[in-house]
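The sequence shown runs 2 to 638 under this note's numbering. Notes to accompany the following structure.
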Amino acid sequence: MKKFWVVSVLTVPIVAYSDLPELFFGWTAPAFPGSEYLQLVLGSFVFFYGGLVFLRGAVSELRARLPGMMTLIGLAISAAYIWSAYAVFAGEEPLFWELATLIGVMLLGHWVEMRAVRSAKGALRELAKLLPDSVEVVRDGTTRTVSLAELLEGDVALVRPGGKIPADGVVGGGESDVDESLVTGESRPVAKRAGSEVIGGSVNGDGALRIRIAKVGERTFLAGVVRLVAEAEASKSRLQLLSDRAAFYLTVLAVGAGAITFVAWLGVGESVGFSVERLVAVLIIACPHALGLAIPLVASISTTMASQHGFFVKRRLALEAARNVTTVLFDKTGTLTEGRFGVVEVLGGNETLALAAAADANSEHPIGRAIVAHAKEKGVAIRPVSSFRNLRGMGVRVTLDAAEVYAGSSTLLEERGASVPRELEEAVRMHEREGKTVVHVIRRGEWVGAVALADIIRNGSREAVGALKAMGLKVAMLTGDAEDVAAWVSKELGVEEYFARVRPEKKAETVKKLRRRGERVAMVGDGVNDAPALAEADLGIAVGAGTNVAIESAGIILVRNDPRDIPKVVKLSRLTYTKMLQNLFWATGYNVAALPLAAGALFAYGIVLQPAVAAVFMSASTVIVAANAALLRHRTL
Numbered sequence: 002m003k004k005f006w007v008v009s010v011l012t013v014p015i016v017a018y019s020d021l022p023e024l025f026f027g028w029t030a031p032a033f034p035g036s037e038y039l040q041l042v043l044g045s046f047v048f049f050y051g052g053l054v055f056l057r058g059a060v061s062e063l064r065a066r067l068p069g070m071m072t073l074i075g076l077a078i079s080a081a082y083i084w085s086a087y088a089v090f091a092g093e094e095p096l097f098w099e100l101a102t103l104i105g106v107m108l109l110g111h112w113v114e115m116r117a118v119r120s121a122k123g124a125l126r127e128l129a130k131l132l133p134d135s136v137e138v139v140r141d142g143t144t145r146t147v148s149l150a151e152l153l154e155g156d157v158a159l160v161r162p163g164g165k166i167p168a169d170g171v172v173g174g175g176e177s178d179v180d181e182s183l184v185t186g187e188s189r190p191v192a193k194r195a196g197s198e199v200i201g202g203s204v205n206g207d208g209a210l211r212i213r214i215a216k217v218g219e220r221t222f223l224a225g226v227v228r229l230v231a232e233a234e235a236s237k238s239r240l241q242l243l244s245d246r247a248a249f250y251l252t253v254l255a256v257g258a259g260a261i262t263f264v265a266w267l268g269v270g271e272s273v274g275f276s277v278e279r280l281v282a283v284l285i286i287a288c289p290h291a292l293g294l295a296i297p298l299v300a301s302i303s304t305t306m307a308s309q310h311g312f313f314v315k316r317r318l319a320l321e322a323a324r325n326v327t328t329v330l331f332d333k334t335g336t337l338t339e340g341r342f343g344v345v346e347v348l349g350g351n352e353t354l355a356l357a358a359a360a361d362a363n364s365e366h367p368i369g370r371a372i373v374a375h376a377k378e379k380g381v382a383i384r385p386v387s388s389f390r391n392l393r394g395m396g397v398r399v400t401l402d403a404a405e406v407y408a409g410s411s412t413l414l415e416e417r418g419a420s421v422p423r424e425l426e427e428a429v430r431m432h433e434r435e436g437k438t439v440v441h442v443i444r445r446g447e448w449v450g451a452v453a454l455a456d457i458i459r460n461g462s463r464e465a466v467g468a469l470k471a472m473g474l475k476v477a478m479l480t481g482d483a484e485d486v487a488a489w490v491s492k493e494l495g496v497e498e499y500f501a502r503v504r505p506e507k508k509a510e511t512v513k514k515l516r517r518r519g520e521r522v523a524m525v526g527d528g529v530n531d532a533p534a535l536a537e538a539d540l541g542i543a544v545g546a547g548t549n550v551a552i553e554s555a556g557i558i559l560v561r562n563d564p565r566d567i568p569k570v571v572k573l574s575r576l577t578y579t580k581m582l583q584n585l586f587w588a589t590g591y592n593v594a595a596l597p598l599a600a601g602a603l604f605a606y607g608i609v610l611q612p613a614v615a616a617v618f619m620s621a622s623t624v625i626v627a628a629n630a631a632l633l634r635h636r637t638l
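Put into C-alpha cells, the structure is as follows:
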C-alpha cells in the first residue's frame, strides 16, 4: 500500500505538467529551468519504483514459460515508458500521466487482490494460532511452565478454566465442558472427564483439567488439519485448470491483438503516440487479472468454510465431484447407526427391565451390557443376584430373591416351557422379523416380559437422509447384516435401496454395480474396513475420523460422526461451483466486451478508452470477482 501512496503523490505533479490542465481548464503549470524534464524524472521513478512488482512478476512468468497477467502489465507499462522517454527528446506527446495513473490503479488493484486472498485464508491462519505459547506441566512432582516446543509426550499438563488445551491427550483428572468449535466445527461444548480424549487448540470451560499428553508437534490433530488444508490449497479443480489455460491463451491473444492494433493505427496514418496508447490499452484490458483470481479465491474460501464446519477437503477434485453425485451409499454400521447394541423397546415395563439388568449385571456380552446401561439410564435399580450361570448360546440364569430368573433367547424360552401371552405375540414377532435381538425374561417358570435390542440408529440419520432426498439424490445403504436387519433400518430411515450380507471385501463390488447403472456414487464409511469402496466411488467420504485426518482413501474427511454433515458437503460443492461460474462470467465477459473499445473500434464516434480508464475497468473487474467470492462466506450450509 505504501507504493500506491507514493505513486499517487508523484502522479499529481506529473498530471500538472501534462497537457490535461490546459486542455480542460486553460491553465498551464509554471515553467522553471528543466521543467520540461520533470515528467521524465518523476515518471521514471514511478516506473521503476511502482512498476517493479509487475516487472519482476513478468520475468518470473516468462522464466516459467507461463506468460499471464504480470507479463501483459509489464509489456504495457514498458511500452508506455519507452515511448514517453523517447517522446520527451523527440518533441512528441509523451504518455507519462497515463503511465503514472495506470501504475497507481494497478497497485491499488493488486493490494485489493492480496487483501482478498489473505482474508480468504485468514481462518486457517487463526487455526494455526489456536495453541498457547506456554504450558503448565507437572514433572518430578513439581509444577513448572514450559514453552509449547518443550512439551513432551507423556507430560501431564494442567489446563485452567478458560485456558487453551496445548496438544492432543487424555483427561487424567477433573471435569469440564470444552469448546471444540474452532477445531472440529462442533458448536456445543463437549463434556470431558477422566478418560476423555481432548484435542489441542480447543478451549477449556469452567473446570480445571489434568491432561496426559499423547501427541505433540506434527503428530497432533491440528497439525494434520493444517497439512490437509495446505494439500487442498495446492491441488486444483477442473475449473481452475480450465481458467489457467484460458488465462494463458488470453495472454497470447492480447499480445497478438495489441500488435495488430498498433500496426493497424499506424497504417491508417495515426501518430505513433496514439498507436502506442491503443497498444497499452489493449494489453491492460486483456489482462487475465480477474480470471486468475476467479477460481482460486472461491476455492480458498470453500476450503476454509469446510474446515469451519468440521470437514476437510483432501483434494479439490473431490469437492467438485460432490455436486455431480446422484447416489449416496452409506455403510450402515457406525455411520447411520452407532455400531452398538441399544434397547429399542421393553415389553413388560420396568419390572422386566429390572430383572433383565439384574440377570445381566455380571455379563460381559454386548447385549447384557446394553441392557444394564439402559436400566441405569432409566434410573432402574439393579438388585444383587446369586448363582450366576452363563447358558452358552441361550442366555443366563441367576437367583434373585430366592427365585430362579432366566434372561435369554427364544430357544431358552422354549426349553423352560414358558410362552409369550397371546396379546404380545405379534409385538415379539414384529421385532424378530425386523432382525432385532429379543431377550425374554422368565421368573419362576413364567414369562415376565422381553427386551428388544438393535444397533441404535444414530441421531441425525433420518434428518440426513431426508435432506439428501430433498436435494434430489438417491440414498442407498450396504451392510454385512442379515436381510431383515437391513430392511428394518432402511424402512426406519426412508432409504430407497439396500444391500444386505455384504462382506467387507465385497463393498467395492457394490459401488461398481451402482456405477455400472450410470450412478455417480458418493461412498460414506469409516475409512477402515471400507477403504477399497471409498477409493472405488466417484467420491469417498470418511465419517467419524476424529483426530485421524490422514485417511488416504477418502477425498472428504468428516471429523464428527454425524451423517447430517453429508448434505453440507454436497451443498458446499454446489455453491462453490456456482460461484466459480459466476466469477468466470464476470472475468471473461469484461474482457470480451472491453477489448474492442480498447482497440479503438468506436474511435469514429469519439469513444476512446484511455489506458488509465482501461486499468480502472480491469481493477473493477477484479474487485467484483473478489467481492462475489466473499459472498460465499455468508451462505449457510
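Here a beta-carbon is modelled for each residue, glycine too, at the ideal position from N, C-alpha and C. None of the values given here were measured: they were computed from a predicted structure.
Since residue i and residue j should fall inside the 8 Å C-beta cutoff, what is the C-beta to C-beta distance between them, to a whole number of angstroms?
{"i": "residue 320", "j": "residue 542", "result": "Not really, about 11 Å apart at Cβ, beyond 8 Å."}
{"i": "residue 179", "j": "residue 203", "result": "5 Å"}
{"i": "residue 300", "j": "residue 317", "result": "6 Å"}
{"i": "residue 211", "j": "residue 164", "result": "12 Å between Cβ atoms; not a contact."}
{"i": "residue 166", "j": "residue 199", "result": "5 Å"}
Quick check on residue i: does DSSP put it in helix, strand or coil?
{"i": "residue 214", "result": "strand"}
{"i": "residue 432", "result": "helix"}
{"i": "residue 475", "result": "strand"}
{"i": "residue 73", "result": "helix"}
{"i": "residue 598", "result": "helix"}
{"i": "residue 441", "result": "strand"}
{"i": "residue 548", "result": "With a pLDDT of only 49 at residue 548, under the threshold of 50, the placement of this residue in the model should not be trusted, and no figure is reported."}
{"i": "residue 365", "result": "coil"}
{"i": "residue 1", "result": "This structure does not reach residue 1, given that the chain is present from 2 up to 638, and the question cannot be answered."}
{"i": "residue 524", "result": "strand"}
{"i": "residue 94", "result": "coil"}
{"i": "residue 492", "result": "helix"}
{"i": "residue 269", "result": "coil"}
{"i": "residue 406", "result": "strand"}
{"i": "residue 371", "result": "helix"}
{"i": "residue 11", "result": "helix"}
{"i": "residue 396", "result": "strand"}
{"i": "residue 458", "result": "strand"}
{"i": "residue 28", "result": "coil"}
{"i": "residue 38", "result": "helix"}
{"i": "residue 386", "result": "coil"}
{"i": "residue 250", "result": "helix"}
{"i": "residue 519", "result": "coil"}
{"i": "residue 176", "result": "coil"}
{"i": "residue 3", "result": "helix"}
Could you pull out every residue in the same chain whose Cβ sits closer than 7 Å to the Cβ of residue i, ignoring the five residues on either side in sequence?
{"i": "residue 551", "result": "Residue confidence for residue 551 is low, a pLDDT of 46 falling below 50, so the modelled location carries little weight and cannot support an answer."}
{"i": "residue 381", "result": "351, 354, 355, 358"}
{"i": "residue 2", "result": "112"}
{"i": "residue 409", "result": "392, 395, 396, 397, 440, 441"}
{"i": "residue 503", "result": "479, 480, 481, 511"}
{"i": "residue 86", "result": "41"}
In chain order, what residues of the same chain lie with their CB nearer than 8 Å to the CB of residue i, ignoring the 5 residues before and after it?
{"i": "residue 384", "result": "355, 359, 401, 402"}
{"i": "residue 196", "result": "171, 172"}
What does DSSP give as the partner residues of residue i in its beta bridges?
{"i": "residue 46", "result": "Answer is none; residue 46 lacks a bridge partner."}
{"i": "residue 312", "result": "559"}
{"i": "residue 144", "result": "139"}
{"i": "residue 181", "result": "Paired residue(s): none; residue 181 is not in a bridge."}
Leaving aside the five residues before and after residue i along the sequence, list all residues of the same chain whose C-beta is less than 6 Å from its C-beta, in chain order.
{"i": "residue 323", "result": "540, 570, 571, 574"}
{"i": "residue 105", "result": "8, 9, 12"}
{"i": "residue 258", "result": "283"}
{"i": "residue 1", "result": "Any question about residue 1 goes unanswered here, given that the chain covers just 2 to 638."}
{"i": "residue 486", "result": "436"}
{"i": "residue 109", "result": "5"}
For the ligand ZN, any of its heavy atoms closer than 7 Å to the Cβ of residue i?
{"i": "residue 623", "result": "With respect to small molecules bound, the structure shown includes none, and the ligand ZN cannot be examined in it."}
(request) Kindly confirm or deny that the segment 325 to 335 and the segment 428 to 437 touch, where touching means at least three C-beta pairs closer than 8 Å. (result) no
(request) Evaluate the contact criterion for the segment 621 to 628 versus the segment 307 to 317: three or more CB pairs, one atom per stretch, below 8 Å. (result) no
(message) Under 8 Å: do the segment 11 to 18 and the segment 97 to 105 share three or more Cβ pairs, one atom per stretch?
(response) yes
(request) Specify whether the segment 593 to 612 and the segment 283 to 302 touch according to this definition: at least 3 beta carbon pairs, one from each stretch, less than 8 Å apart. (result) yes
(request) Please determine if the segment 473 to 483 and the segment 443 to 451 are in contact, where contact requires at least 3 C-beta pairs separated by less than 8 Å. (result) no
(request) Assess, as a yes-or-no matter, whether the segment 338 to 349 is touched by the segment 451 to 464 under the definition of 3 or more beta carbon pairs within less than 8 Å. (result) yes
(message) For the structure I just gave you, are there three or more beta carbon pairs, one from the segment 59 to 69 and one from the segment 267 to 281, closer than 8 Å?
(response) no
(request) Give a yes or no on contact between the segment 134 to 144 and the segment 42 to 57, applying the rule of three or more CB pairs nearer than 8 Å. (result) no
(message) Check whether the segment 358 to 372 and the segment 506 to 524 are in contact - that is, three or more C-beta pairs closer than 8 Å.
(response) no
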